[in-house]
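Peer 1: Using the numbering used here, read the sequence shown as starting at 413 and increasing by one per residue.
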Amino acid sequence: MQIYKGKGKIYDSNENYLDEVTYEIHQKSPAESDGREWWGEITLDKCIMLTGNCIIELYDGRRGPCVASMKTHSSFGLAFDSYNIEGTGSLKH
413 MQIYKGKGKI
423 YDSNENYLDE
433 VTYEIHQKSP
443 AESDGREWWG
453 EITLDKCIML
463 TGNCIIELYD
473 GRRGPCVASM
483 KTHSSFGLAF
493 DSYNIEGTGS
503 LKH
């Protein structure tokens, strides 16, 4: 298992830039999978609603398609800031 932490970017499924993110990504090692098994959590820098298919870009330039689902929200229910993500393809340059 490999764990990646850092600052990256998030794009919608059409590759339109949405926001900066802080992430923690967990990926099975090459011995365990073909590289498509990864998941994690992201926190957005801005207050935007993120749902469904998106693309994450890690600090080292690798990108991967994923599906985002809301994890937590503010106590007032106004700002969605933390999301679970599940990879739907490989993380690659």
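The beta-carbon is built from N, C-alpha and C at its ideal position, and this holds for glycine as well.
Being a predicted model, the structure only gives us computed values, none of them experimental.
Is it buried or exposed for Tyr429, if we count other Cβ within 10 angstroms and need 16 for buried?
Peer 2: Exposed is the call here.
Peer 1: So the candidates are Arg474, Gly473, Cys478; which of them puts its Cα closest to the Cα of Gly464?
Peer 2: Looking at the Cα atoms, Cys478 is the closest of the given residues.
Peer 1: Around the Cβ of Ile497, are there at least 16 other Cβ atoms within 10 angstroms (buried) or fewer (exposed)?
Peer 2: Buried, since its Cβ has 16 or more Cβ neighbours within 10 Å.
Peer 1: For Leu503 and Tyr471, what's the separation of their Cα atoms in angstroms?
Peer 2: Roughly 12 Å separates the two Cα atoms.
Peer 1: Leu503 lies in the beta strand (DSSP E); which residues open and close that run?
Peer 2: No beta strand (DSSP E) contains Leu503, which DSSP labels as neither H nor E.
Peer 1: Can you give me the C-alpha to C-alpha distance between Lys458 and Gln414, rounded to a whole angstrom?
Peer 2: Their backbone Cα atoms lie some 28 Å apart in a straight line.
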